[in-house]
Amino acid sequence: MKITLKVWRQKNSNTPGKLVEYQLDNVSEDMSFLEMFDVLNDSLTRKGEEPVAFDHDCREGICGTCSMYINGRAHGPQTGATTCQLHMRSFNDGDTIVVEPWRARAFPIIKDLIVDRLAFDRIIQAGGYVSVNTGSAVDANEILIPRTIADEAMDAAACIGCGACVAACKNASAMLFVSAKVSQLAILPQGKSEHKERAERMVAQMDSEGFGACSFTGACSVECPKSISLDHIARLNREYLGAKLSSDNIQG
Amino acid sequence: MKLESKIPEGPLAEKWARHKFALKLVNPANKRKYDIIVVGTGLAGASAAASLAELGYNVKAFCYQDSPRRAHSIAAQGGINAAKNYQNDGDSVFRLFYDTIKGGDYRAREGNVYRLAEVSVNIIDQCVAQGVPFAREYGGTLANRSFGGAQVSRTFYARGQTGQQLLLGAYSALSRQVANGKVKLYTRTEMLDLVVEDGKARGIVVRNLITGKIESHSGHAVLLCTGGYGNVFYLSTNAMGCNVTAAWRAHKKGALFGNPCFTQIHPTCIPVSGHYQSKLTLMSESLRNDGRVWVPKTKEDAEKIRKGQIKPSDLGEEARDYFLERRYPSFGNLVPRDVASRNAKNMCDEGRGVAKTGLAVYLDFADAIKRDGLKTIEAKYGNLFEMYEKITGENPYETPMMIYPAVHYTMGGLWVDYNLMTSIPGLYALGEANFSDHGANRLGASALMQGLADGYFVIPYTVGDYLATIGPADKLPVDAPAFKEAEQKIQAQVNKFLSIQGERPVDDLHKELGHIMWEYCGMSRSADGLKIAKQKIQALKKEFWTNSKVLGDAGEMNQGLEQAGRVADFIELGELMVDDALNRNESCGGHFREEYQTPDGEALRDDANYTYVAAWEYQGEDKPELLNKEPLEFENVKLTQRSYK
Ligand SMILES: Cc1cc2nc3c(=O)[nH]c(=O)nc-3n(C[C@H](O)[C@H](O)[C@H](O)COP(=O)(O)OP(=O)(O)OC[C@H]3O[C@@H](n4cnc5c(N)ncnc54)[C@H](O)[C@@H]3O)c2cc1C
Ligand code: SF4
Ligand code: FES
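Chain order of the listed sequences is P and D. In terms of this note's numbering, the first sequence opens at residue 1 and continues consecutively. In terms of this note's numbering, the second sequence opens at residue 1 and continues consecutively.
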């Protein structure tokens with residue numbers, strides 16, 4: 001197939017960027033989207049033009065590194081898939097494809113298609129854990145967890161931290177990401193004792209990072225490669241309100 | 001060099017307990033006077049960094065990705081072993097030990113492997129406490145599945161995302177210590193050199209991958225938790241960034257490299273589709289619990305399938321060869337990986353392979369679906385089937401999957417003693433980066449176990465012994481000449497990559513290396529082939545240093561430059577792997593030398609001459625490396641021809 005690419009090129013965070021057009025004549029439909037970029041970069045390098053910088057690692061939809069905004073959609077036209085899982089058979093011969101980085105105030109651009117997502121790590125650092133030191137655990141089967149609960153926790157825990165939810169949201173809200181972690185740990189007995197502080201601290205960190213407010217449009221969940229459900233946002237809201245209203249809330 | 005494995009005396013089951021008691025301790029108030037550098041934030045690195053910080057040490061943790069959560073451990077699918085015996089099916093610490101030693105074809109240390117089996121039970125407890133959502137039975141207890149090379153169900157799992165969930169558990173513990181101020185994180189930072197002075201590891205030199213700045217970090221001890229080197233083959237199931245750079249550069253500073261040629265080829269991967277292919281995707285081994293592996297009985301049928309004239313469903317039972325079930329009636333489809341891979345290759349070599357390329361065999365779920373129902377199979381493997389369909393465009397519920405072996409794991413790695421210390425005092429290697437526990441072949445679900453054993457339950461004890469011996473004052477400041485010199489050398493190397501300005505992109509050279517390695521040092525090896533490989537690699541090395549092409553600047557983000565450093569190291573490693581394979585005149589586990597096989601084509605070991613760890617010592621640029629041998633002693637198991645019949 002022949003494909004025309006319009007790719008966002010930006011030297012670094014201080015330089016303005018622009019879309020640059022490239023022509024590819026020999027794209028196979030079995031290629032992955034990122035393999036098409038490999039082919040592009042190979043030809044750019046041979047011509048002496050700097051290759052396009054883009055984030056990727058596992059190339060199988062689990063590490064959450066890849067992050068392209070393709071024809072106006074986070075991770076492209078497929079649902080329930082990351083950029084690296086997208087194959088060229090989803091496109092037609094002669095298509096023009098516009099590829100941009102995630103756009104959000106809290107995700108500054110580093111270079112070309114690569115953004116800085118450290119804000120997500122800082123949100124987890126604010127409370128996305130169970131406070132248990134190595135060596136102090138009880139026997140695993142002493143904590144009985146019904147299968148339905150374990151499954152629900154696993155649904156939430158499947159988040160790969162890619163940031164597509166933020167990129168897809170018109171307010172650049174990080175609620176889906178935050179709610180997935182809060183929800184996983186709120187559902188499980190292990191996470192119960194800290195659940196109030198957790199919700200509060202993580203939300204406070206999210207707000208201070210410059211993510212927008214959630215207006216519950218649901219765009220995040222639609223574009224989420226792991227189909228994280230909006231129910232988790234509802235649970236986060238309950239957890240958060242509950243924490244705010246309760247008197248034993250020491251974090252203030 | 002004299003290799004001391006430091007395996008403690010005494011009965012197998014008491015070694016670790018006795019050793020822990022004998023190790024020196026650092027008193028709680030003194031721990032904050034020690035700085036520990038942890039390179040890598042996968043299962044091994046994240047668990048080590050978190051646990052050491054909890055103890056009170058100051059930790060600096062490094063990774064090349066933008067977040068610790070993206071380390072390659074995240075991609076592990078199938079599960080993690082532990083000798084819990086929750087299923088009451090006869091498992092025990094000794095059985096897990098025994099299976100691992102036997103699975104590794106008797107090329108691992110008894111002491112290490114027993115300890116691994118022993119602490120496996122604590123790992124599951126720890127992970128559950130962190131909130132890892134392992135699969136459960138309806139009553140709420142933990143569920144298990146079985147895996148290749150074992151006849152008990154001891155594998156714990158979280159759908160097909162076990163590595164992800166375990167890593168997110170370790171990452172959460174790490175994040176908690178970042179919040180506590182005990183861990184400082186350096187993401188998008190690549191270690192490019194180890195600094196050694198007075199015979200001790202003193203710190204590392206890194207490049208900030210955003211700004212290109214080269215900097216030093218000093219510590220009392222350095223832990224390399226940098227994963228495996230499967231990407232030396234270019235195509236593998238590893239993430240694109242997996243590399244040997246940290247380990248290799250430590251090797252060039254004096255750390256011995258153990259059994260570099262021991263590579264694991266995984267039997268169930270999605271076959272190659274074209275020259276642009278950048279990686280191979282694993283289909284979890286757990287699929288072999290329910291999937292049946294077969295090829296057409298005749299070459300003629302296979303050919304018709306390859307040409308698209310008939311479909312697999314057109315062949316009845318009598319026209320199929322379930323070759324694993326036929327050859328290994330007691331283990332069947334669950335034989336260890338090396339055996340399954342080699343058999344698939346043999347079928348394709350005989351001309352009975354399927355897919356357009358002839359390089360694939362079937363993994364068929366039709367019987368399992370008939371037996372257990374679509375729902376059950378979907379619950380077990382739904383996400384894997386979906387992944388397969390996304391990549392190939394075929395629906396495995398309706399037509400059998402096609403699979404072919406691919407490079408997956410490297411048993412070789414930096415040589416370490418029982419304390420996980422390399423041959424450089426103060427330098428440790430954990431997880432896939434070391435050579436220690438899997439011998440010549442790793443059993444499924446044992447890498448996650450080893451990474452977490454090393455990080456949560458071994459290093460917190462053993463590193464203290466070294467630190468207590470040297471004392472807090474024994475640390476080199478980062479402005480010392482040794483650091484400055486190392487920084488200058490790295491800067492010069494970076495400048496060199498940018499100055500070659502030849503014709504070939506680095507990726508292209510990497511692909512060529514991959515072809516050489518796969519062809520001559522892959523699933524089967526021969527002395528003649530290995531000699532050819534050596535020449536080809538040496539020629540490629542010249543080509544790399546005279547004709548590679550890297551654009552852009554040193555002082556900015558530059559992915560081509562990052563790759564150049566990694567490929568340069570892979571080329572050197574490749575040559576050592578070939579030397580090691582050539583030296584080992586026997587077949588064992590994943591190392592199959594065509595000259596050494598039993599009459600029915602199984603690996604034929606030579607215990608009299610090769611029951612040792614080959615630990616290679618660097619001798620300088622373009623000089624042959626020196627072979628050191630660590631003899632392996634077996635007191636608790638009898639060495640036998642592995643049989644899965
Ligand atoms: C697809 C797949 C599926 C698997 N499934 C299973 C399974 O089901 N069960 C099982 O037991 N095992 C499985 N394995 C094997 C297992 O996942 C790995 O062996 C294990 O996770 C390795 O962990 P690690 O901590 O040693 O290294 P990794 O997780 O690879 O981490 C390496 C770390 O080192 C860092 N690093 C590397 N080089 C540098 C450098 N130069 N500078 C700075 N940082 C650096 C990286 O950033 C990363 O943080 C699987 C492997 C693959 C490829
Ligand atoms: S919630 Fe979905 S879109 Fe958002 S970070 Fe997690 S996986 Fe990505
Ligand atoms: S590269 Fe890992 S999810 Fe896409």
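We treat Cβ as the ideally placed atom computed from N, Cα and C, and that holds for glycine. Please read these numbers as outputs of a predicted model, since none were measured by experiment.
Item: Select from D/K60, D/N243, D/G254 and D/A615 the residue whose C-alpha is nearest the C-alpha of D/A46.; Value: D/K60
Item: Do D/R154 and D/D91 have their CB atoms nearer than 8 angstroms?; Value: yes
Item: Quick one: residues in its chain with C-beta nearer than 8 angstroms to the C-beta of D/M240, no 5 flanking neighbours on either side, listed in chain order?; Value: N231, S278 and K279
Item: Could you pull the start and end residues of the alpha helix (DSSP H) that D/M347 belongs to?; Value: R337 to D349
Item: Given P/L5, which residues of its chain have a CB within under 6 angstroms of its CB, disregarding the five upstream and five downstream residues?; Value: Y22 and I97
Item: When a residue counts only if its C-beta is closer than 6 angstroms to some heavy atom of ligand 2, which residues count, in chain order?; Value: P/C159, P/I160, P/G161, P/C162, P/G163, P/A164, P/C165, P/L176, P/F177, P/A180, P/C224, P/P225, P/K226 and P/I228
Item: With hydrogens ignored, establish whether the beta-carbon of P/T65 is closer than 7 angstroms to any heavy atom of ligand 3.; Value: yes
Item: With distance defined between alpha-carbon atoms, name the residue in D/E110, D/N85, D/T100 and D/E137 nearest to D/N122.; Value: D/N85
Item: Does any CB atom of chain D fall closer than 8 angstroms to the CB of P/G252?; Value: Note that P/G252 has pLDDT 37, beneath the 50 cutoff, so the model's placement of it is unreliable and the number below is only indicative. It does not: the Cβ of P/G252 has no partner Cβ on chain D nearer than 8 angstroms.
Item: Pick from D/L185, D/L363 and D/A406: whose alpha carbon is nearest that of D/G590?; Value: D/A406
Item: How about D/Q126: is its C-beta nearer than 8 angstroms to some C-beta of chain P?; Value: yes
Item: When we look at the beta-carbon of P/P225 and count the other beta-carbons within 10 Å, is it buried (16 or more) or exposed?; Value: buried
Item: For the structure I just gave you, are there three or more beta carbon pairs, one from the region 6-16 of chain D and one from the region 214-234 of chain P, closer than 8 angstroms?; Value: no
Item: Check whether the Cβ of D/E432 lies closer than 7 angstroms to any heavy atom of ligand 1, and answer yes or no.; Value: yes
Item: With the cut-off set at 8 angstroms, would you say D/Y397 and D/V293 are in Cβ contact?; Value: no
Item: Can you tell me whether P/Q251 is buried or exposed? The criterion is at least 16 other CB atoms within 10 Å of its CB, across all chains shown.; Value: Note that P/Q251 scores 44 on pLDDT, short of 50, meaning its location in the model is unreliable and no value can be drawn from it.
Item: With 16 as the cutoff for other CB atoms within 10 Å, does D/S330 come out buried or exposed?; Value: exposed
Item: Rounded to whole angstroms, how far is the Cβ of P/N141 from the Cβ of D/L52, which I believe are closer than 8 angstroms?; Value: The pair is not a contact, with the Cβ atoms about 28 angstroms apart (cut-off 8 angstroms).
Item: Would D/V244 pass as a contact of D/L43 if the rule is Cβ separation under 8 angstroms?; Value: no
Item: Is any non-hydrogen atom of ligand 3 found closer than 7 angstroms to the C-beta of P/R59, if you look at the structure I gave you?; Value: yes
Item: Taking 7 angstroms as the cut-off, is the CB of D/V39 close to at least one heavy atom of ligand 1?; Value: yes
Item: Beta-carbon separation of D/A129 and P/V130 under 8 angstroms?; Value: yes
Item: If contact means a Cβ-Cβ distance below 7 angstroms, which residues of the region 550-565 of chain D contact chain P?; Value: L551, G552, E556, M557, Q559 and G560
Item: Taking Cβ-Cβ distances shorter than 8 angstroms, what residues in chain P pair up with D/R288?; Value: Residues of chain P passing the Cβ test: none, with the nearest at roughly 19 angstroms.
Item: Run the proximity test for P/H56: is its beta-carbon closer than 7 angstroms to any non-hydrogen atom belonging to ligand 3?; Value: yes
Item: Given a threshold of 16 other Cβ atoms within 10 Å of its Cβ, counted over all protein chains shown, does P/G163 qualify as buried or as exposed?; Value: buried
Item: Taking a contact to mean a Cβ-Cβ separation below 8 angstroms, would you say D/T187 touches D/Q65 in this structure?; Value: yes
Item: Classify D/P505 as helix, strand or coil using the three-state DSSP reduction.; Value: strand
Item: Give the residues from the region 269-285 of chain D that approach chain P closer than 9 angstroms (Cβ to any Cβ), ordered along the chain.; Value: S273, G274, Y276, Q277, S278, K279, T281 and L282
Item: From which residue to which residue does the beta strand (DSSP E) around D/F62 run?; Value: N58 to F62
Item: Output yes or no for whether 8 angstroms exceeds the beta carbon distance between P/F37 and P/L86.; Value: no
Item: Using C-beta distances below 8 angstroms, list every residue in its chain close to D/F592, excluding the 5 sequence neighbours before and after it, in chain order.; Value: D338, R342, M523, S524, R525 and A603
Item: In the DSSP assignment, what residue or residues form a beta bridge with D/D364?; Value: D/R292
Item: Contact check, P/G48 vs P/T82 under 8 angstroms by CB: the rounded distance?; Value: Not really, about 31 angstroms apart at Cβ, beyond 8 angstroms.
Item: Is P/I109 helix, strand or coil by DSSP?; Value: strand
Item: Counting Cβ pairs closer than 8 angstroms, one from the region 417-431 of chain D and one from the region 129-139 of chain D, do we hit at least three?; Value: no
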